[in-house]
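Novice: Just so you know, the protein sequences line up as chains A and B, in that order. Residues 5 to 393 in our numbering are what the first sequence spells out, letter by letter. Residues 9 to 516 in our numbering are what the second sequence spells out, letter by letter. Okay, handing you the structure first.
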Amino acid sequence: MVSVNFSEVIKKYTMVIALVVIIAIFYVGTNGTILLPQNINNLLSQNAYVFVLATGMLMCILTGGNIDLSVGSVVCFVGGIGAVMMSKGMNVWFAVLVMLLVGIAVGAWQAFWVAYVNVPPFIATLAGMYAFRGLSNVVLNGYAVSITNTTYLNVFGGGADCYIPDFFHGAKLNTTCMLAGIIAVAIYVIVSIRNRIAASRKGYATTGFAGFIVKLVIISAVVLFLTYKLAGYKGIPTSLIWIIVVVLAYHYFTTKTTMGRYLYAVGGNEKATQLSGINTKKVYFFAYTNMGFLTAIAGILTVARAASAQPTYGQFYEMDAIGACFIGGASAYGGTGSVFGAIIGALLMGVINQGMSIMGVDANYQKVVKGLVLLVAVIFDVVSKREKK
Amino acid sequence: MGNILLEMKNITKEFPGVKALDNVNLKVEQGEIHALVGENGAGKSTLMNVLSGIYPYGSYTGDIVYNGEVCQFQKIKDSEEKGIVIIHQELALIPYMSIGENMFLGNEQGSKASIDWDKTYAEADKYLKMVGLTESSRTLIKDIGVGKQQLVEIAKALAKHAKLLILDEPTSSLNETDSKALLDLLLKFKQDGMTSIIISHKLNEVSYVADKITVIRDGSTIETLDKAVDEITEDRIIKGMVGRAMTDRFPKRENVKIGDIAMEVKDWTVYHPQFAERKVVDGVSMNVRKGEVVGIAGLMGAGRTELAMSIFGKAYGTNISGQLFLDGKEVKLKNIKDAIKHKIAYVTEDRKGNGLVLTNPIKINTTLANLSELCSKHVIDQDKEYQVAEEYRDKLKTKCPTVEQNVGNLSGGNQQKVLLAKWMFANPDVLILDEPTRGIDVGAKYEIYCIINDLVAEGKSVIMISSELPEVLGMSDRIYVMNEGKMVGEMAGAEASQESIMSCILKS
């Protein structure tokens, strides 16, 4: 058994600790307003697109610090197509399917140039950023198109009814929400313990017992706290379900599957990966096509939340996603980073945004702060790596 | 006895948790060539970094006395001003700049506001002549070979008015001819009164040029041998380095039966990937049997690596023609994946650049080439992966705290073991090892040789490409000699000698 090494823990969870500290600061600064149920609810649903895009962006960044600048425009393009289709009375599921396919097609288009023609990703996606912004305008004809289809809005978290209904009609607390939280914690605890037992039975090294319990307790407590807060408001926002699905799926993907492994390998040493018999072009192609797919999901969520599509939607979304990844510890040279890191990064940005808005900080200064946070996070990453050498 | 030019007294340097240097003493006389030898990690480079000011004064204890005065270097510029110039192992030249631009980088001629290019190139040409290069200083670095690049590094040092030249593994990427030329150049400088310190793993070179040899082991000075007093032999030096006499540098292979031909190529021709008219491998035929170690000797640029990589699923070259037979059956390998599937492995000469993912842990590197073995439906069984990595760690005696350790933090020898583990896990029948012991110390080399012996004992075939002739001679059952893309000789290992191999090359 390995004892808990305090400095190691701090190093590993720096950004989590930073997040807690920042929440604490804003808690004081806003007299507790930031942790009101409604604000937690807003934090999650307002930033749904960042979580989804950051997950996709991470896949690109892992391959070697490559980014996708086109996602903001493509969010708008995909959302615009869906909104127009629905406004013409087409079937909602057909519209969603088309949105997803368009996203994948756009991703594959850019991925092709990046992977097989060696166009630098920065350029290929910069081209996409212009082109799809233009096409969004064409699709929307320059106007805002509102979405009235209630099925769509309910499923993807838009309008006023964007919550999972409470099946038990709890008087004060949303019982469904609370129950979901408890079940999630139970599953998490059982799976963790089972994995640990399996590992130690096979004789593998496990982390310290105390650390294991602490981690288990903290994560369970955070989940229960969040669900309690949400239950006190209107329940689980629909968009949260989508975030959880995407995050869990991609966490699994990056840590457990071969393609996930190859993303890290290509970013770490492309030549060595090639000489290991892995088709690195396919890896790039996958990363960018997948980005298109997740961009489509982000587009679906974005226009659902606004219940409309406008030609200006999605501007600077790419920057939010890129920032979240780097704040969350992804290396600007590729090869390191994690989905949960990116999510922590996205949360950190979201909390700062929201906290400053509640405190009434001027919007221009908010941008300054965000910029500085990004810089500090990357400086920290670079410096801590240098110390290791 | 000449004057003492440099004396390093009781140098102790600590890194968090490690004492890298422990009371090291080094005395260098004016006008001598002083060799510094020791295993990897013994502290040679650290000592030189202390001397050149990379580790500034105050970060170590002890004194540096140079030319009779105590020096306190804060940065490299300080030591260079005194004429102490270090040439690092990895070449630090910028390929798309000319020789002249590179030589005066950071030492620009002319005023701050405007560089005097005419003066730069005239000066550069002067120094190039001193190192025996006839190239114009306007030639781009990328257009000259590695051997000449190393000479440019030396010219660059001379341009800084070097009085004490420190060369860290200057010949590690050079072939025998270029190495010899470089060493002779050092001897010529010595006659002109230049003092040099040379760090090297190649003991034959050390005994060739050095007047004195200081042996460092585990951060301490063990002894200084003087050519004038002691009798210097390679065995004598090795004894100092490893702390024991190495009776046999190559482990014996016993009772290994050599079987049928496992792999054979016939009339194999490969063209350069960029310059499609240039033949890199020209009509090569060769074979390797089961349980056999076949060495391929030759000079740098003879086409050995290119031959190996082109066989390995066309990893190199265009317009590849010729036949490849595995166990007597002709096969065509489309890509690397195909080659791995047909049980061929190529272990690269450049472990950091082409072999390992340095930012990833040992276990991930170990399984990269054969992940499908651990997978069901593209999902990796990580418990099994851990087990595999542990198994190879035990088998190859890789020194590391855990297999979760990043490969970038390991020493060269241990990195090489991880690279070997990776390809052993791919379970090949034919292993092509390209410079398997480059840049690793004597002890680790021995362990690698043992691994090779274990492999052939299992009936696998090993093709070993090496530029170190003693290694080729000591390990091979059969030796091929390559020169300028052609096979120019084949001989039984027992009959071959350094002379017979060199004469094959020279007479071709």
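All C-beta atoms, glycine included, are put in the ideal place defined by N, C-alpha and C.
1. Beta carbons nearer than 7 Å to chain B: which residues of the segment 258 to 274 of chain A have them?
2. How would you list, in chain order, the residues of chain B whose beta-carbon sits under 9 Å from the beta-carbon of A:L279?
3. Considering Cα atoms alone, identify which of A:G338, A:G375, A:A115 and A:Q319 is closest to A:Y266.
4. Could you check whether the Cβ of B:I513 sits closer than 8 Å to any Cβ belonging to chain A?
5. Going by DSSP, what residue range makes up the alpha helix (DSSP H) through B:S215?
6. Among the candidates B:S204, B:A189 and B:E177, whose CA atom is the shortest distance from the CA of B:L166?
7. With DSSP run on the structure shown, which of helix, strand or coil describes B:H42?
8. Is there a Cβ of chain A sitting closer than 8 Å to that of B:T367, yes or no?
9. Closer than 7 Å by beta-carbon distance: list the chain B residues that pair up with A:A346, in chain order.
10. Name the DSSP bridge partner or partners of B:F333?
11. Mark B:D449 as exposed unless 16 or more other C-beta atoms lie within 10 angstroms of its C-beta, in which case mark it buried.
12. Can you look up B:N18 in the DSSP assignment and give me helix, strand or coil?
13. Based on the DSSP output, what are the partners of B:P103 in its beta bridges?
14. Can you list the beta strand (DSSP E) stretches of 3 or more residues lying completely in the segment 167 to 230 of chain B, in chain order?
15. Could you tell me whether the Cβ of B:V426 comes closer than 8 Å to any Cβ of chain A?
16. Does any C-beta atom of chain A lie closer than 8 Å to the C-beta of B:C458?
17. Have a look at A:V6 and A:H255 and give me their C-alpha separation to the nearest angstrom.
18. Which one of B:K120, B:K164 and B:D124 has the shortest CA to CA distance from B:K134?
19. With 8 Å set as the bound, which would you pick, yes or no: does the beta-carbon of B:D391 sit closer than that to a beta-carbon of chain A?
20. Tell me the residue span of the beta strand (DSSP E) that contains B:D290.
21. Under the three-state reduction of DSSP, which class applies to B:C408: helix, strand or coil?
22. Classify B:E77 as helix, strand or coil using the three-state DSSP reduction.
23. Applying the 10 Å Cβ sphere with the 16-neighbour rule, what's the burial state of B:S505?
24. What is the rounded straight-line gap between the Cα of B:S180 and the Cα of B:Q158?
25. Kindly indicate which three-state DSSP category A:R205 falls into: helix, strand or coil?
26. B:V301 and B:V464: beta carbons closer than 8 Å?
27. Hey, could you find the ends of the alpha helix (DSSP H) B:V264 is sitting in?
28. Which residues of chain A have a Cβ atom closer than 8 Å to the Cβ of B:S388, listed in chain order?
29. Give the interface partners of A:A203 over in chain B, defined as CB-CB distance under 8 Å, in chain order.
30. Taking all protein chains shown into account, decide if A:Y147 is buried (16 or more other Cβ within 10 angstroms of its Cβ) or exposed.
31. How would you label B:P103, buried or exposed, when you count the other beta carbons within 10 angstroms and need 16 or more for buried?
32. Got a sec: is the Cβ-Cβ distance from A:G339 to anything in chain B below 8 Å?
33. How about B:I348: is its C-beta nearer than 8 Å to some C-beta of chain D?
34. Quick one: list the residues of chain A neighbouring B:I372, beta-carbon separation under 8 Å, in chain order.
35. Exposed or buried, which one is B:L233 when buried takes at least 16 other CB atoms within 10 Å?
36. So, at 6 Å on beta carbons, what are the nonlocal neighbours of B:I124 in its own chain, with the 5 sequence-adjacent residues on each side left out?
Specialist: Checking against the coordinates, here is how it stands:
1. K260, T261, T262, M263, R265, Y268, A269, G272 and N273
2. M317, F320, A323, I344, Y354, T356, N362, G363 and A377
3. A:G338
4. no
5. L211 to V217
6. B:S204
7. strand
8. yes
9. Those do not exist, as A:A346 stays about 17 Å from chain B at its closest Cβ, beyond 7 Å.
10. B:E272 and B:E338
11. buried
12. strand
13. In the DSSP output, where bridge partners are listed per residue, B:P103 has none listed.
14. 172 to 176, 203 to 207 and 220 to 225
15. no
16. no
17. Any answer about A:V6 is weak, because its pLDDT of 44 lies below 50 and its placement is not dependable; what the coordinates show is given next. Approximately 26 Å, taken between the alpha carbons.
18. B:K164
19. yes
20. K287 to R297
21. coil
22. strand
23. exposed
24. 10 Å
25. helix
26. yes
27. Element bounds for B:V264: n/a, residue is neither H nor E.
28. It is Ile, not Ser, that sits at residue 388 of chain B in the sequence shown. Residues of chain A passing the Cβ test: K260, T261, T262 and R265.
29. D391
30. exposed
31. exposed
32. yes
33. Protein chains A and B are contained in the structure displayed, whereas chain D is not.
34. R265, Y268 and A269
35. buried
36. Strictly speaking, residue 124 of chain B in this sequence is Asp, with Ile absent from that position. Within the same chain, B:D124 has close Cβ partners Q117 and G118.
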